[in-house]
Structures are given as C-alpha cells and as structure tokens.
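Per our numbering, residue 6 is the first one in the sequence shown, and the count goes up by one each step.
Here the structure comes first, spelled out in structure tokens, and everything after it is commentary.
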Amino acid sequence: MALDQYLSVPILITTVTFFITYWIVQLWNKNRKLPPGPWGLPFFGYYPFISPNEPYKDLTKLSKKYGSIYSFRTFGGRLVIVLNGTKTVKDVIVNRAEEFIGRPHGDTTLTWVSDVGILQDEGEAWKEQRKFFLQTAKSLGFGKLEMEGKIHDEIKGMLEDLRKDCKNGQDVDLQSHGAYVTNSIISQILFGKRFTKDEFHRKMEKEFLDCVKVFVGKKHILIGNILKLFLTFSPSMRRANKARGVLQKCVSEIVKEHLTRFDPTHPKDYVDYFLLQRTELLKNGSEGSFTVERLEANCLNLFMEGTETVSFTANHLLEELSKYPETQKKIQQELDSIVGKERLPSWADRIKLPLLEATIQELYRMATPFNLSTMYSNFKQTTIEGYTIPERSSIIFNLDPGNFDNGIFPNPHKFDPSRFLSADGKKMKQDGPFPFGIGKRACAGESLAHMEVFLIIASVVQNFTVYPGSEQERLKLVPRNL
6 MALDQYLSVP ILITTVTFFI TYWIVQLWNK NRKLPPGPWG LPFFGYYPFI SPNEPYKDLT
66 KLSKKYGSIY SFRTFGGRLV IVLNGTKTVK DVIVNRAEEF IGRPHGDTTL TWVSDVGILQ
126 DEGEAWKEQR KFFLQTAKSL GFGKLEMEGK IHDEIKGMLE DLRKDCKNGQ DVDLQSHGAY
186 VTNSIISQIL FGKRFTKDEF HRKMEKEFLD CVKVFVGKKH ILIGNILKLF LTFSPSMRRA
246 NKARGVLQKC VSEIVKEHLT RFDPTHPKDY VDYFLLQRTE LLKNGSEGSF TVERLEANCL
306 NLFMEGTETV SFTANHLLEE LSKYPETQKK IQQELDSIVG KERLPSWADR IKLPLLEATI
366 QELYRMATPF NLSTMYSNFK QTTIEGYTIP ERSSIIFNLD PGNFDNGIFP NPHKFDPSRF
426 LSADGKKMKQ DGPFPFGIGK RACAGESLAH MEVFLIIASV VQNFTVYPGS EQERLKLVPR
486 NL
C-alpha cells in the first residue's frame with residue numbers, strides 16, 4: 006500500500022504538469038494569431054474526433070463554425086492548417102503558389118512510397134522533374150490523337166469484356182475493367198509496354214486496390230510521422246505496405262531491364278528518356294536529380310496514380326450517374342445524335358456533347374472522391390487572411406465547402422447539370438471543380454486523366470444503361486441495342 010502511495014505522487018505530478026504544459030501551449034498559439042480551431046486531447050489532438058473514412062465531412066462542419074481557414078493539432082502536437090472554399094484555396098494555391106508549393110518535412114504519408122520522387126520532392130528538384138515529365142509525356146503523345154487512339158483500343162477491349170460479364174445478369178466490377186484500361190495507358194508511357202490482362206489481374210490489381218483503399222479519402226493524411234506506427238499495428242496499413250512492396254519490385258525490375266538494353270539513339274518511353282538525360286548529365290560530372298532511385302520513385306508514383314486514381318474516379322462517377330436515369334437517357338440521346346453507333350466518342354466530341362460534359366462536371370462537384378488534397382507547406386512564415394502561418398506548416402485544402410457553396414452553385418445539394426450550361430443548353434458557361442488538383446502541384450497527368458475519365462464514361466453510357474448494383478462498388482449494366 007505504501008508503495009502504491011509512493012508511486013501515485015510522481016504520476017499525479019507528471020499528469021498535472023503535462024496538462025498544464027498543453028494548456029500553456031494552446032494559449033501561446035492563440036496569442037500568435039494562429040487560425041482559430043477546436044481544442045483536442047493532449048498528444049492525440051483533434052484526430053480522434055475526425056471520421057476515419059470521410060474526414061472531409063468533419064472538416065466541412067468545422068469550416069461552418071470557424072470559417073475558410075482554421076487549425077488544429079493532431080498526433081504529437083502536429084499543427085494542421087485547413088483551407089476551405091474555392092476563393093481561399095485558389096488565392097493560396099494559384100495566386101501565391103511559390104509560397105505554398107513545399108511539402109511538410111517528415112510527412113510519412115507523402116514519403117510512404119519513397120523519400121524522393123515527383124510527388125514528394127520540392128524546390129529545384131521537383132521543378133526539374135515535373136518539367137521533364139511533362140515535356141517527355143508530350144513527346145510521347147499526351148494530348149495528341151495518337152494517345153486517344155491507344156485509349157480507344159483499350160476501351161474497345163473493356164466494352165467486349167463488359168458485354169460478356171453482364172450477359173448472365175450479374176453485377177460488374179467496372180473499376181477492375183477500367184483499371185486495366187488506365188494501367189495499359191500509363192504503362193505504355195512509362196515503360197513502353199502493356200501488361201497482359203492475366204498479369205495485371207493476377208499480379209497487380211489487388212495491390213493497387215489495397216493502396217487506394219487505405220489512402221483515398223482517409224484521415225491518415227493528417228497524422229504525419231505517426232503513420233509509421235500504423236504501418237506496424239494496422240492490418241489495412243500492413244496490407245498496403247506489402248502491396249507497395251510488390252509494385253515497387255515490379256517497377257524496379259522494369260527499370261533494371263531498361264538499364265541493360267538502353268539505347269540512347271532510340272528512346273521509346275519515359276524511362277528511356279530519363280536515362281538519356283541522366284547519361285548527358287553524367288558527361289558533365291553529375292547526374293543531378295536524375296538518379297536511378299528517383300526514376301524508380303517517379304515511375305511508382307505515376308504508375309499508381311495513373312492506374313487506380315482515374316479508374317476509381319470513373320467508376321465512382323458512374324455509380325452516382327446510375328441514380329439519375331432521366332439524365333442518363335438524355336445523355337444517350339445526345340450521344341446517339343452526335344456520335345452515332347458506328348464509332349466511340351472522341352475527345353473532340355466533348356464540345357458537341359454539352360450535356361454529357363456538364364453532367365461529368367456536376368458529378369465531380371457532388372461526388373468527387375478527392376475532396377482533400379495532399380499536404381502542402383510554406384517555406385517561410387507568412388499570413389493568410391490575417392492569420393499567422395508558421396514556417397513549414399502542414400496545410401491541407403478541403404474542396405467540399407467550395408463544391409457546395411450556395412453563392413457559386415445555387416441550391417448546391419440538388420443534382421443539376423444545367424448549372425454548367427448556357428440558357429440554350431448548347432455550351433458550357435462556367436468552369437467546373439478541380440478533381441485532380443489545381444495550380445503548380447496539380448496531378449502531373451491531369452490532362453490525360455480528364456481525357457480517360459471522359460472517354461470511359463462516354464463509351465460506357467453509349468453502349469450500356471447503368472443501374473445501381475446490389476453491392477457497393479458494383480454496377481448493373483444492360484446493353485443498349487445499338
């Protein structure tokens with residue numbers, strides 16, 4: 006008993022000291038004119054009060070109380086600044102891009118794939134790598150008819166598979182079929198090859214899905230370095246970590262194969278062009294940012310984003326569209342009138358298909374799976390709307406309040422594609438949301454992603470009527486008599 010009493014005194018003193026210190030830190034932060042926000046628990050911060058699967062909803066609720074900018078702390082006292090609404094986000098991410106183009110130090114969510122790479126890098130290395138990728142992608146067909154032809158070839162195969170799958174009346178896994186389309190395209194750009202359906206579905210598909218299901222729309226992005234503990238204890242994070250290892254090994258083997266057969270006179274894909282640039286730099290004594298490690302990291306980032314991000318988005322939007330049969334019927338009539346039955350919709354058809362384009366924008370607005378950005382950071386202490394933003398803050402953009410801003414989109418909770426159309430319904434009258442990011446840190450393959458999503462949705466709706474499936478993430482497709 007005496008021992009218990011003896012031990013209870015230092016435990017009590019430690020506990021009281023901890024809470025007093027936490028309280029003092031909170032008061033000090035307020036005096037620094039940080040953005041307002043909710044108080045959380047010592048060490049855990051506000052993290053326990055945020056939904057694990059739909060964190061943007063809780064962040065949106067906080068924006069209604071605190072406004073377009075607020076802050077809170079998560080695990081270990083990490084300060085997170087949340088920016089909400091189209092005006093504030095655009096002001097920071099576009100008009101003040103150079104101030105907020107960094108990445109938070111020690112952010113394990115970003116460095117989960119690698120410590121370097123086109124997603125994680127900042128400063129001159131990032132600018133150099135992003136510029137090189139965009140230039141190389143353009144030379145490999147980005148935005149050209151040649152690339153659209155490759156997408157059409159993959160979509161034709163997908164439509165044939167979908168017809169086979171829905172013959173027996175069962176629901177289809179459109180995301181799985183779409184993932185093979187997008188994987189084939191990004192693989193040809195990066196590696197100059199496409200995987201067979203068997204290779205993809207047997208060796209990679211589950212790995213892509215395990216990674217996406219852990220990170221897309223989840224609150225892990227708020228916890229920084231503590232994510233390492235989740236990799237140890239969380240079953241879903243262990244699966245994602247294992248999946249990343251499988252994909253990393255696949256990419257590493259492809260890069261090694263390119264190194265052994267590299268011909269500087271005939272570059273065929275992104276890896277070849279990267280190695281060519283590296284060879285030229287080595288002639289002057291230094292490879293700079295063009296290291297083999299960064300090449301593998303770039304490829305893995307682009308491989309993952311280029312496969313599952315687009316197919317996940319297209320499937321999600323079609324799931325939402327299945328809830329609006331009248332709109333779907335009107336889109337099919339528009340497609341029949343403009344495109345006909347003998348060919349697939351093209352990217353050039355987009356301006357002649359205003360209802361389809363407006364519907365896609367409205368689906369992006371109401372149902373984008375990417376309401377929260379990755380983490381950004383500022384290189385120097387600065388201010389936003391009069392609030393102090395400490396140097397190297399962790400900054401996240403919540404797009405949800407902007408997508409449902411009554412001042413921009415009247416009656417925002419109503420599905421209404423006509424809000425994007427002119428009075429006569431013949432052309433788009435305003436820009437839509439930015440599902441793949443905005444500004445200098447937008448998705449490097451944004452233009453390709455928009456094209457793929459449009460062509461997949463247009464082709465599926467042209468050939469099938471889409472109904473909600475009996476299971477989540479599955480759809481019922483009924484072939485149209487074309």
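Heads up, the beta-carbon is just placed ideally off N, CA and C, and yes, glycines get one too.
In this text, all values refer to a predicted model and were calculated from it rather than measured experimentally.
- The beta carbon of residue 323 sits closer than 7 Å to those of 179, 462, 465, 471 and 480, all from its chain and outside the five residues before and after it, given in chain order.
- Residue pairing from DSSP places residue 89 in a beta bridge opposite 403.
- When DSSP states are grouped into helix, strand and coil, residue 349 belongs to the coil group.
- The bridge partners DSSP lists for residue 481 are 472.
- In the pairwise beta carbon analysis, the stretch 292-310 is classified as touching the stretch 120-128: at least three pairs are separated by under 8 Å.
- In the DSSP assignment, the residues bridged to residue 377 are 403.
- The distance from the Cβ of residue 440 to that of residue 318 is about 7 Å, consistent with a contact at the 8 Å cut-off.
- Taking a contact to require three or more Cβ pairs closer than 8 Å, the stretch 44-57 and the stretch 76-83 qualify as touching.
- The stretch 281-292 and the stretch 310-317 do not touch, with fewer than 3 CB-CB distances between them shorter than 8 Å.
- For residue 398, there is no enclosing beta strand (DSSP E), as DSSP marks it with neither H nor E.
- One alpha carbon belongs to residue 359, the other to residue 433, and they sit about 6 Å apart.
- If you draw a straight line from the Cα of residue 365 to the Cα of residue 287, it comes to about 47 Å.
- Contact between residue 456 and residue 156 holds: their C-beta atoms lie close to 7 Å from each other, under 8 Å.
- Around the beta-carbon of residue 483, fewer than 16 other beta-carbon atoms lie within 10 Å, marking it exposed.
- Here the alpha carbon of residue 368 sits roughly 11 Å from the alpha carbon of residue 425.
- In this structure, DSSP gives residue 183 a helical state, which the three-state scheme calls helix.
- Beta-bridge analysis with DSSP links residue 78 to 84.
- Residue 275 is positioned such that its CB atom lies closer than 9 Å to that of residue 196.
- The beta carbon of residue 329 sits closer than 7 Å to the beta carbons of 420 from its chain, once the five residues preceding and following it are set aside; these are given in chain order.
- Within its own chain, the residues whose Cβ lies closer than 8 Å to the Cβ of residue 340, once the five positions on either side in sequence are excluded, are 350, 358, 361, 463, 466 and 467, listed in chain order.
- Segment contact: the stretch 87-94 against the stretch 403-412, three or more CB-CB distances shorter than 8 Å; contact assigned.
- Of the other Cβ atoms in all chains shown, 16 or more fall within 10 Å of the Cβ of residue 76; this residue is therefore buried.
- In this structure, residue 182 sits away from residue 209, with a CB-CB distance that is not shorter than 9 Å.
- Per DSSP, residue 201 has no beta bridge partner at all.
- Here DSSP, grouped into helix, strand and coil, assigns residue 344 to coil.
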